[in-house]
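Colleague: Numbering-wise (the working numbering), the sequence shown opens with residue 6 and increments by one. Heads up, the beta-carbon is just placed ideally off N, CA and C, and yes, glycines get one too. These numbers were taken from a predicted model, which means no experiment stands behind them.
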Amino acid sequence: MTTLGRLLRFVRPYWWGSATTVVLIFAVTFIKLAPAWFTKLIIDDAVPARDLGLVGLFLLGMVGSAALMNVLGAVQLYLEQWVGQRVIFDVRGALYDHLQSQSMSFYDANQSGELMSRVTNDVGQVQFFLTQGVSRLATTVVSIIANLAIMFYLDWQLTLISLVVVPMIWWFQTYSTRVWGLFRKRQQLSATLNVVIQENVAGIKLVKAYGREPHEAARFGGVNHDIREVALQSWRVFGVSGPGQEFATYLSAIIIITIGGYRVMHGGLTIGDLSAFYAYILTMFAPVRGLVFINQMALNALAAGERIFEILDTPLDVVDRPGAVRLERLHGDVRLEGVSFAYGKGAPLLRDIDIDVPAGRTLALVGPSGSGKTTLVNLIPRFYDATSGTVQIDGHDVRDLQVEPLRAQIGMVMQETFLFNATIRENIAYGRANASDDQIVAAARAANAHPFISEMPDGYDTVIGERGTRLSGGQRQRLSIARAILVDPRILILDEATSSVDNQTDYLIRQALDTLMVGRTTIVIAHRLSTVQRAHEIAVMEGGRITARGTHQQLLRTSPLYAHLAEIQLQQHADAIAPPAHATATEEVGMGRSLTAQEARR
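1) Find the nearest neighbour of Tyr-101 within the set Gly-129, Leu-317, Gln-444 and Leu-237, judged by alpha-carbon distance.
2) Note down, in chain order, each residue of its chain lying with its Cβ closer than 8 Å to the Cβ of Arg-11, except the 5 sequence neighbours on either side.
3) Helix, strand or coil: how does DSSP classify Asp-402 here?
4) Kindly list the residues whose CB is nearer than 7 Å to the CB of Gly-436, restricted to its own chain and excluding five residues on each side of it in sequence; keep chain order.
5) Could you tell me the alpha carbon to alpha carbon distance between Val-269 and Ile-299, rounded to whole angstroms?
6) On the criterion of 16 or more Cβ atoms from any shown chain inside 10 Å, does Asn-75 qualify as buried, or is it exposed?
7) Can you tell which of Ser-195, Arg-412, Gly-249 and Ala-51 has the C-alpha that lies nearest to the C-alpha of Ile-498?
8) Looking at the strands, I want to know which residues DSSP matches up with Gly-479.
9) Start and end of the beta strand (DSSP E) containing Gly-247?
10) Roughly how many angstroms lie between the CA atoms of Ala-364 and Asp-399, to the nearest whole one?
11) Do you know offhand how far Thr-422's Cα is from Arg-472's?
12) Quick check on the DSSP output: the beta strand (DSSP E) that includes Arg-356 runs from which residue to which?
13) Opposite Arg-498 in the DSSP bridges: which residues?
14) Are the stretch 389–406 and the stretch 332–347 in contact at 8 Å, needing three or more beta carbon pairs?
15) Exposed or buried, which one is Leu-13 when buried takes at least 16 other CB atoms within 10 Å?
16) Find the nearest neighbour of Val-201 within the set Ala-284, Glu-409, Ala-236 and Leu-120, judged by alpha-carbon distance.
17) Going by DSSP, which residues form a beta bridge with Gly-555?
18) Which residues mark the beginning and the end of the alpha helix (DSSP H) in which Thr-25 is found?
19) To the nearest angstrom, how far is the alpha carbon of Tyr-465 from that of Asp-127?
20) Terminal residues of the continuous beta strand (DSSP E) containing Ala-369?
21) If you count every other CB in all the chains shown that lies within 10 Å of the CB of Lys-45, and 16 or more means buried, which is it?
22) Just reading off the alpha helix (DSSP H) that Arg-340 is part of, what are its end residues?
23) Could you have a look at Ser-393 and say whether DSSP puts it in helix, strand or coil?
24) Please report the distance separating the alpha-carbon of Glu-218 from that of Gln-203.
25) Helix, strand or coil for Arg-550? Go by DSSP, reduced to three states.
26) How many angstroms separate the CA atom of Ser-167 from the CA atom of Thr-263?
27) To the nearest angstrom, how far is the alpha carbon of Pro-373 from that of Leu-566?
28) Can you tell me whether Arg-606 is helix, strand or coil according to DSSP?
29) What does the alpha-carbon distance come out to for the pair Leu-476 and Leu-194?
30) Have a look at Tyr-19 and Glu-234 and give me their C-alpha separation to the nearest angstrom.
31) Give the list of continuous alpha helix (DSSP H) stretches no shorter than 4 residues that lie fully inside the stretch 93–143.
32) Does Val-68 pass the burial test, meaning 16 or more other C-beta atoms within 10 Å, or should it be called exposed?
33) Would you mind stating whether Leu-187 and Gln-238 have Cβ atoms separated by less than 9 Å?
34) Rounded to the nearest angstrom, how far is the Cβ of Thr-25 from that of Leu-84, given a contact under 8 Å?
35) For the alpha helix (DSSP H) holding Ile-458, just list the boundary residues, first then last.
36) Using 9 Å as the threshold, is the C-beta distance between Ile-429 and Thr-367 below it?
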């Protein structure tokens with residue numbers, strides 16, 4: 006009931022539409038009573054009197070009531086859809102906005118396929134109930150009350166006798182509630198299926214490369230089988246409750262015909278009364294039988310509603326504090342003092358980090374994989390908040406700054422570039438939608454992207470496919486740099502932006518990055534010496550700590566780890582010129598990677 010109450014709160018802004026729908030439900034329900042009553046009048050009054058005019062009048066009344074009932078029913082249907090669709094629009098919007106507001110830690114803990122299921126499948130179940138189930142339930146209640154009133158008026162004794170089947174109907178209704186747990190399980194399995202599909206589609210190249218199609222098919226088939234079994238269990242329950250209520254309804258009709266017919270023969274009831282009574286009992290029990298379907302919709306919706314509110318009730322851990330400062334233009338000073346960070350209650354990934362990057366200067370972060378470099382830079386735009394210590398920009402704790410204007414002035418070029426299935430123009434202008442064509446082209450030129458864009462069939466209007474699959478890695482990276490150039494950030498974060506490209510592409514990207522870094526505070530994670538050496542200062546990270554700081558030459562003398570990583574880089578360069586006769590598998594290497602001593606000497 007709590008979940009239902011919370012769902013109905015979304016209806017409150019459209020109360021007048023809901024109120025009008027209820028009025029129309031009452032009107033349509035009462036008009037439905039008219040045809041059976043006109044039938045009684047024709048049989049009991051017009052036919053015995055042989056009055057054709059009276060017969061015609063009553064028939065006209067039947068036609069008129071049927072026409073009015075259909076007109077009002079059409080208006081009622083439109084209004085309930087009008088309200089329902091707006092309510093679902095609001096529910097879906099609230100859910101999406103909440104997802105957009107969550108920090109990265111939320112997405113670390115939830116799978117994307119699962120979240121997609123909440124926004125699509127679960128909202129769809131709620132929509133079905135709110136647009137159809139609620140009105141059907143209201144119609145059923147009003148219909149039962151109205152028909153019972155008429156039936157008691159016609160013959161209270163026969164009415165009471167016809168209700169002997171109500172306990173049977175109630176038992177079957179109660180039996181149908183057994184599917185509650187099954188519906189929730191089915192929603193969870195549907196979300197799991199979405200996860201499997203999403204991962205398979207995203208990783209199809211890997212699946213095919215390793216010949217894992219049978220494994221993935223079996224994985225999909227297992228979840229699909231579970232969904233089928235849960236659905237069949239649900240319908241076994243409804244297979245008992247639905248026909249059971251049908252049987253109870255027909256049993257009531259048989260009782261009425263038997264006892265009513267006996268009373269007609271003994272003068273206690275007219276044929277018209279019996280005919281009308283029979284019509285009313287069927288009219289009353291028809292929506293009652295539909296309660297099984299309404300119950301199914303309601304249980305589906307409530308199970309889905311619980312899953313929706315699980316998301317909406319998830320607190321936001323990165324929010325603007327009351328009175329947060331809005332910095333319209335950053336100077337660019339970045340300072341971290343005693344910063345530590347851990348995901349949830351896990352072990353700390355960063356410990357006692359102290360960094361000071363004056364505006365316009367460049368800091369390079371190097372170290373083995375897993376040393377915490379990416380985690381550190383993610384604290385600056387508040388993708389996460391530090392567990393302890395402070396992250397400061399221009400002397401302000403970032404937790405005292407408004408998030409939106411802060412992030413708008415921080416540009417990020419990541420190792421894994423994300424591009425949308427849109428045109429090149431739209432991808433470059435993603436961070437500045439109002440940019441002119443000249444500004445977009447200028448950004449592309451600065452990023453060394455204009456030459457290959459010009460060779461595209463439609464130039465800047467070329468659609469590049471999902472995640473930019475129609476482009477090479479270097480081309481995607483240069484578009485990412487152009488996107489960062491266009492927003493003109495004061496602080497720039499580069500996360501291994503040239504780690505997966507060849508030397509020629511690396512040269513083009515470095516030229517673009519040199520243009521981008523001018524006059525900006527830059528923090529760069531890199532493993533190439535060519536990138537690291539140009540930084541004003543280098544910080545060596547190991548095990549979540551900064552173990553050494555200085556220039557390239559200083560660190561070669563003072564940091565064994567840095568000297569080892571630099572030696573690997575030089576050896577890699579030599580190996581690229583003269584490949585060894587017998588290559589062996591190696592671990593990840595580089596300024597962001599580690600290698601065994603024996604392999605380094607080779």
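Modeller: In terms of the structure at hand:
1) Leu-317
2) Gly-310 and Phe-314
3) Reduced to three states, the DSSP call for Asp-402 is strand.
4) Arg-488, Leu-491 and Val-492
5) 37 Å
6) Of the residues assessed, Asn-75 falls on the exposed side of the cut-off, its CB having fewer than 16 other CB atoms within 10 angstroms.
7) Arg-412
8) Bridge partners of Gly-479: none, in fact.
9) Gly-247 -> not in any beta strand (DSSP E); alpha helix (DSSP H) instead, spanning 218–270.
10) 9 Å
11) 8 Å
12) 355–362
13) As written in the sequence, residue 498 is Ile, which differs from the Arg given in the question. Answer by DSSP bridge pairing, in chain order: Met-417 and Ile-528.
14) yes
15) Under the 10 Å beta carbon count, Leu-13 is surrounded by fewer than 16 other beta carbons and is classified as exposed.
16) Leu-120
17) Ile-543
18) Counting along the chain, the alpha helix (DSSP H) containing Thr-25 begins and ends at 20–37.
19) If I take the Cα positions, the gap works out to 38 Å.
20) 367–371
21) buried
22) Not the alpha helix (DSSP H): Arg-340 falls in the beta strand (DSSP E), residues 339–346.
23) Residue state, collapsed to three classes: strand.
24) 15 Å
25) Correct three-state label for Arg-550: strand.
26) Whole-angstrom Cα-Cα distance: 11 Å.
27) 9 Å
28) Low confidence applies to Arg-606: its pLDDT is 34, below 50, so where it sits in the model is not reliable enough to give any reading.
29) Taking the straight line joining both Cα atoms gives about 36 Å.
30) 39 Å
31) Taking only runs of at least 4 residues, the alpha helix (DSSP H) segments lying wholly in the stretch 93–143 are 109–114, 117–122 and 128–133.
32) Residue burial is scored here from C-beta neighbours: Val-68 has fewer than 16 other C-beta atoms within 10 angstroms and is therefore classed as exposed.
33) yes
34) 6 Å
35) Note, Ile-458: alpha helix (DSSP H), 455–459.
36) no
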